[in-house]
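Written below as structure tokens is the structure these notes are about.
In the working numbering, the protein residues as written are 93 to 585.
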């Protein structure tokens, strides 16, 4: 696919997905199970600003468009080839008053109300102060800190302020669960303008910022205290940095072996854990490079997937390959057959017709702008979208009948993604931003030592491989990856 075809495909895809957002919201309400859609409302908090500030430190390759006074970071690149393109600083985000940790929720309605209140508050939380710092100030803070450093890398379509607020939300939940535990949050923010139509531009800026990201990780690793651990949390397109860093580490080791003509001691893992959220990484590429990734951690690589992730569905259609955060076929009803069937009867005609109208409108527009080839692309896209967006997004996916049959014949087909990885299926749990959102209440617990799943419970399921992998296996799977699916029917309390 040429660059022009990619851009055309992405514009068409973005238009259709944007048109479907209202449909998705309606369908989520209409197909929500009775336990969530009915019954007496559960009162939840509405957060107000407190007098406490959440400190979020940052390293950014964005251009500071206001070098005098308070920094202003937009979507332009900081092209400084003398001192380097990374700028450091500290953001002070106003914490929510009387915050209630998600871990204390006693029911799913209560949990969702608390999540919604936190999301609403942090979407516009005040960033009271923004201070630029020198690299020496940054490294001195690293050297004098003793505890857990969390490095967060955002994904596509993310302005600087939104990335900082998103990390602050995670920080407040973590601190509520582990008061007094030393935490140093660092947001690495690359130049994304926060524009859904700028996907290709975001990919280019992400790639341009790869070297500064590696330099940041090495800087932290070289200056941190021996009793300090480092976790990496990468979301969406930002997950590509984790694989790029792992590949760089592997290449450096191979080069050292060649130069020394002998065995070279494997370096100690830099990270304690890596968390890959809604990962917009080619699944087959991730499959080939996962060994290098797990060599970068002393404990685990957590991979969060969501079958209802609209953004990853869009990316999958554009790249013509499954994504790590949605490792199934575009219109695969395999792992969701029961859910799709159960929800089909719940759809009301006006919603179904709205989906059809959106497809027809965009198909005609695409054909007038780009020709009949574009019409077929829209038709293919809409076919997959009808499967993704017309199933109950608040119901956990069931294991498909063919997977159950395969496992009945050979239970040993079930396996983990790797010896140091955990696949977590958040389908139905994460619905904000069309399912393309950090599962921050769960991540905050997993970052504790020891990690905690509370208040969530899980059921183990296996998923059908995507069509390309199944074909490579000869039509019958030689293995099936095991996922910890969030159980939406109960909490651990």
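Each residue gets a CB set at the ideal place from its N, CA and C atoms; glycine is no exception. Predicted model, so just to flag it, every value in this text is computed and none were measured.
Can you tell which of the options has the C-alpha that lies nearest to the C-alpha of residue i?
| i | options | result |
| --- | --- | --- |
| residue 337 | 318, 383, 369 and 578 | 383 |
| residue 551 | 579, 573 and 563 | 579 |
| residue 286 | 205, 200 and 167 | 167 |
| residue 416 | 184, 256, 585 and 381 | 381 |
| residue 400 | 368, 265, 529 and 290 | 529 |
| residue 534 | 525, 517 and 526 | 517 |
| residue 406 | 502, 144, 391 and 373 | 373 |
| residue 298 | 309, 188, 314 and 281 | 281 |
| residue 576 | 283, 146 and 398 | 398 |
| residue 590 | 208, 498, 567 and 364 | The structure shown does not extend to residue 590, since the chain is modelled only from 93 through 585, so no value can be given for it. |
| residue 191 | 170, 143 and 151 | 143 |
| residue 171 | 411, 402, 283 and 366 | 283 |
| residue 365 | 359, 139, 539 and 239 | 539 |
| residue 238 | 217, 315, 149 and 368 | 315 |
| residue 157 | 169, 149 and 189 | 169 |
| residue 584 | 549, 245, 216 and 408 | 549 |
| residue 245 | 328, 498 and 497 | 328 |
| residue 345 | 368, 363 and 387 | 387 |
Quick check: what's the CA-CA separation for residue i versus residue j?
| i | j | result |
| --- | --- | --- |
| residue 581 | residue 389 | 33 Å |
| residue 160 | residue 225 | 13 Å |
| residue 361 | residue 341 | 10 Å |
| residue 251 | residue 155 | 12 Å |
| residue 137 | residue 232 | 39 Å |
| residue 490 | residue 176 | 50 Å |
| residue 520 | residue 228 | 45 Å |
| residue 303 | residue 418 | 27 Å |
| residue 559 | residue 511 | 24 Å |
| residue 293 | residue 210 | 31 Å |
| residue 74 | residue 178 | With the chain running from 93 to 585 in the structure shown, residue 74 is simply not present. |
| residue 307 | residue 313 | 10 Å |
| residue 376 | residue 556 | 15 Å |
| residue 414 | residue 385 | 19 Å |
| residue 253 | residue 243 | 16 Å |
| residue 212 | residue 205 | 10 Å |
| residue 296 | residue 236 | 35 Å |
| residue 145 | residue 247 | 25 Å |
| residue 335 | residue 173 | 25 Å |
| residue 514 | residue 330 | 19 Å |
| residue 379 | residue 289 | 29 Å |
| residue 240 | residue 525 | 29 Å |
| residue 42 | residue 394 | Because the chain here runs from 93 to 585, residue 42 falls outside it and cannot be looked at. |
| residue 573 | residue 554 | 6 Å |
| residue 63 | residue 497 | The requested residue 63 does not occur in the structure, where the chain is confined to residues 93 to 585. |
With a threshold of 16 other CB atoms inside 10 Å of the CB of residue i, please say whether the residue is buried or exposed.
| i | result |
| --- | --- |
| residue 221 | exposed |
| residue 274 | exposed |
| residue 141 | exposed |
| residue 271 | exposed |
| residue 267 | buried |
| residue 422 | buried |
| residue 249 | buried |
| residue 339 | exposed |
| residue 547 | buried |
| residue 163 | buried |
| residue 566 | exposed |
| residue 121 | Low per-residue confidence applies at residue 121: pLDDT is 42, beneath 50, and the placement is therefore not dependable, though the value from the model is reported in the following sentence. Exposed is the call here. |
| residue 561 | buried |
| residue 152 | buried |
| residue 320 | buried |
Which residues bound the alpha helix (DSSP H) around residue i?
| i | result |
| --- | --- |
| residue 234 | 227-236 |
| residue 312 | 302-315 |
| residue 256 | 252-269 |
| residue 391 | Segment 389-397 is the beta strand (DSSP E) holding residue 391; no alpha helix (DSSP H) there. |
| residue 533 | 532-538 |
| residue 406 | 402-411 |
| residue 381 | 375-386 |
| residue 559 | 559-564 |
Kindly indicate the opening and closing residues of the beta strand (DSSP E) around residue i.
| i | result |
| --- | --- |
| residue 577 | 572-578 |
| residue 491 | From DSSP, residue 491 is part of no beta strand (DSSP E); its letter is neither H nor E. |
| residue 159 | Unbroken run through residue 159: none, as it is neither H nor E. |
| residue 369 | 363-369 |
| residue 168 | 165-169 |
| residue 204 | Counting along the chain, residue 204 falls outside any beta strand (DSSP E), though it belongs to the alpha helix (DSSP H) covering 200-215. |
| residue 186 | 179-188 |
| residue 145 | 141-152 |
Consider the C-beta atom of residue i and the heavy atoms of the ligand SAH; say whether any pair is separated by less than 7 Å.
| i | result |
| --- | --- |
| residue 238 | Looking for the ligand SAH in the displayed structure turns up nothing, as the structure carries no ligands at all. |
Answer yes or no: does any C-beta atom of chain D fall closer than 8 Å to that of residue i?
| i | result |
| --- | --- |
| residue 302 | Among the chains of the structure shown, chain D does not appear; only one protein chain is present. |
Decide if the stretch 192-212 is in contact with the stretch 309-328; the criterion is three or more beta carbon pairs, one per stretch, under 8 Å apart. no
Does the stretch 534-550 touch the stretch 499-507, meaning 3 or more C-beta pairs lie closer than 8 Å? no
Looking at C-beta atoms only, is the number of pairs between the stretch 182-193 and the stretch 257-272 that lie closer than 8 Å three or more? Yes, the stretch 182-193 touches the stretch 257-272.
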